[in-house]
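See structure below.
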Amino acid sequence: MQSQFVSQGQSNTTTASSTTKVDPLSSLVSSGAITQTQSDAVKSALQAAHKGHSGEGAAAKSDPLDSLVTDGTITQDQENAITSALQSAMQSQSNSGSSTRTTKT
């Protein structure tokens, strides 16, 4: 899919593959491995960690799921399943095609 936008002398071209994003946690909820509430907590923790680590070095990063295990929101087995599902989704996404964005000014 390719779309072009021209506005006030600027040209933006966006090319993306036709892949559909799938929530890797939804399969865990469907199978009963985690609840929807746990899925929501995982998403919130990952989003907060992503926002909190922008601009920081790799040494400052920690696994945001560890705190969910510590506070009893999820078990260690659930963390392992979530981590595996997220890694599989990222691997699948990187193998499914590329996305290119070119901006000309």
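Note that UniProt numbering has the sequence shown beginning at 1, numbered continuously upward.
Here a beta-carbon is modelled for each residue, glycine too, at the ideal position from N, C-alpha and C.
Please read these numbers as outputs of a predicted model, since none were measured by experiment.
Task: Three-way DSSP call (helix, strand, coil) for V22 in this model - done: In the three-state DSSP reduction, V22 falls in the coil class, being neither helix nor strand.
TODO: Return the CA-CA distance between S96 and I74, expressed in angstroms with no decimal places.
DONE: Pairing S96 with I74, the inter-Cα distance amounts to about 30 Å.
TODO: Under 6 Å Cβ to Cβ from A79, same chain only, skipping five residues before and after it: list those, please.
DONE: For the record, residue 79 in the displayed sequence is Glu; it is not Ala. If you ignore the 5 residues before and after E79, its C-beta comes within less than 6 Å of the C-beta of L65 and V69, all in its own chain and listed in chain order.
- [ ] Return the first residue and the last residue of the alpha helix (DSSP H) that S94 is part of.
- [x] It spans Q76 to N95 - the alpha helix (DSSP H) in which S94 sits, taken as one unbroken run.
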